[in-house]
């Protein structure tokens with residue numbers, strides 16, 4: 012690449028959260044940044060929840076230029092028993108927003124995109140470079156230029172079917188778990204089904220009874236069953252609304268399903284085709300959802316959970332998968348992998364957006380010459396090992412036999428030990444993210460733990 016004192020021409024493939032975070036950080040560093048998004052100008056959302064972990068908070072403190080509160084704060088994680096009694100796991104402050112609210116905030120920061128969430132763009136800064144978001148642009152090829160100094164991309168304009176070509180000093184693959192960039196360099200690394208799915212949906216808070224609203228007011232609520240569990244928590248409503256009564260209740264029910272059962276569950280309710288990873292809202296087959304509601308009644312789910320699931324109008328289904336790439340840098344550092352393209356976590360730790368923020372901050376340091384390529388890649392892969400194994404442990408705890416939990420725990424412990432030793436040797440803080448929480452079971456007050464949370 013050019014000297015790190017010169018502005019770079021950077022292309023980011025993928026316009027979701029990870030791509031936008033990298034784009035904002037590099038734009039703020041004075042570079043010319045173009046995001047190529049395969050789909051439309053506004054990414055499709057299912058109103059999923061987003062937890063703003065430590066790295067996300069650090070990213071926003073450095074790069075967020077929008078002056079508006081956009082998250083709901085919960086203070087504890089509690090278990091809801093079958094008799095509707097509750098037991099507090101830990102008192103844990105968590106800032107929770109929705110995918111839509113964060114996405115449109117990042118768009119506002121990156122390319123001054125106007126939306127109902129953020130109708131006025133933030134003021135530009137004198138040191139900023141440029142940020143351009145090009146949609147319906149699909150990358151079909153990537154290669155080194157003849158002189159070896161830049162990378163060349165072949166791009167399909169999906170609106171006109173025109174084939175375009177352009178060069179870049181740096182390409183960042185942020186194109187998700189089915190990444191084209193990753194497949195180009197690591198064709199044998201693919202996302203895999205882990206054996207369970209999430210039945211999901213949201214309900215307006217105003218439609219829920221006072222007892223349930225009080226239960227969820229400042230808590231993340233979990234209901235545990237045999238190898239399945241449910242989760243309820245509050246997220247912002249339409250246009251990021253945070254006022255009580257205008258917010259949404261986010262519902263998830265994780266169940267183990269065989270690959271054969273998925274053939275029916277993932278069947279489109281409109282045209283009958285088989286979805287691979289998500290059945291979008293409005294496309295879940297009526298018979299499939301009716302059967303799920305009947306199961307909720309006969310299980311039975313506790314009253315608050317049953318109340319919420321029965322009022323979901325537009326459910327959607329998410330197949331839980333994971334993937335982890337063994338490399339993050341290619342072409343002598345001219346091509347990088349970030350976000351879910353590098354490592355897709357199971358959702359129980361709610362670390363997807365936090366990983367995206369960590370990667371963006373690390374990319375910022377690498378491009379500025381503050382860290383070597385070798386060190387950059389080592390830290391990204393170690394972070395990935397830690398939090399991927401953590402998410403597998405939590406998923407195994409809720410959904411798998413005990414022997415699998417034990418094996419997952421040993422694997423996670425091994426990665427923690429490596430992280431501690433490596434960080435001690437380098438004189439740095441460990442990469443494992445934990446926060447000080449007050450435990451109900453701890454007479455000594457606060458303890459350092461990483462609490463499972465859920466998207």
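Numbering (this note's numbering), first residue to last: 12 to 466.
Just so you know, even glycine gets a beta-carbon here, dropped at the ideal spot from N, CA and C.
Bear in mind the structure is a predicted one, so any value in this text is a computation, not a measurement.
Between which two residues does the beta strand (DSSP E) harbouring residue 20 extend?
-> Boundaries of the beta strand (DSSP E) harbouring residue 20: 20–24, taken from the DSSP string.
Does DSSP put residue 456 in a helix, in a strand, or in coil?
-> The pLDDT assigned to residue 456 is 39, lower than 50, so where the model puts this residue is not dependable, and the model offers no usable value.
If you draw a straight line from the C-alpha of residue 58 to the C-alpha of residue 112, how long is it?
-> 9 angstroms
Give a yes or no on whether the C-beta atoms belonging to residue 187 and residue 351 are separated by under 7 angstroms.
-> In this structure, residue 351 lies closer than 7 angstroms to residue 187 by Cβ.
Just confirm the distance between the C-beta atoms of residue 182 and residue 346, as a whole number of angstroms; I'd bet it's less than 8 angstroms.
-> 5 angstroms
Three-state secondary structure assigned by DSSP to residue 360 = helix
Over the uninterrupted beta strand (DSSP E) stretch that includes residue 91, give me the two end residues.
-> 83–91
Just the Cα atoms here: how many angstroms apart are residue 292 and residue 55?
-> 11 angstroms
Secondary structure of residue 426, DSSP reduced to three states | Correct three-state label for residue 426: helix.
Local Cβ density within 10 Å of residue 463, reported as buried at 16 or more and exposed below that | Only weak support is given to the placement of residue 463: the predicted model assigns it a pLDDT of 45, under 50, and the value that follows is read from those uncertain coordinates. Per the 10 Å Cβ criterion, buried.
Taking buried to mean at least 16 other C-beta atoms within 10 Å of its own C-beta, is residue 243 buried or exposed?
-> The residue is buried, with at least 16 neighbouring Cβ atoms inside 10 Å.
Under three-state DSSP, which class holds residue 377?
-> helix
Touch test, the region 215–224 against the region 359–378, Cβ-Cβ under 8 angstroms, three pairs minimum = Two segments are said to touch when three or more pairs of C-beta atoms, one from each, lie closer than 8 angstroms; by this definition the region 215–224 does not touch the region 359–378.
For residue 118, which of 273, 423, 195 and 48 has the nearest alpha-carbon?
-> 48
Pick helix, strand or coil for residue 346, following the three-state DSSP scheme.
-> strand
What is the residue span of the alpha helix (DSSP H) that residue 195 lies within?
-> 191–196
Taking residue 365 and residue 66 to be in contact with their CB atoms under 8 angstroms, please state how far apart those CB atoms are, rounded to whole angstroms.
-> With a Cβ gap of about 5 angstroms, residue 365 and residue 66 count as contacting.
Would you kindly work out how many angstroms separate the C-alpha atoms of residue 429 and residue 171, rounded to a whole number?
-> 51 angstroms
What is the rounded straight-line gap between the Cα of residue 21 and the Cα of residue 221?
-> 51 angstroms
Beta-carbon proximity check, residue 155 vs residue 164, cutoff 7 angstroms | Here residue 155 is not near residue 164, since their CB atoms are 7 angstroms or more apart.
Residue 110 classed as buried or exposed, judged by whether at least 16 other C-beta atoms fall within 10 angstroms = Buried, because 16 or more other Cβ atoms sit within 10 Å of the Cβ of residue 110.
Could you tell me the boundaries of the alpha helix (DSSP H) in which residue 69 lies?
-> 65–74
What is the rounded straight-line gap between the Cα of residue 223 and the Cα of residue 241?
-> 15 angstroms
Taking Cβ to Cβ, would you say residue 262 is nearer than 7 angstroms to residue 320?
-> yes
Please classify residue 329: does DSSP put it in a helix, a strand, or coil?
-> strand
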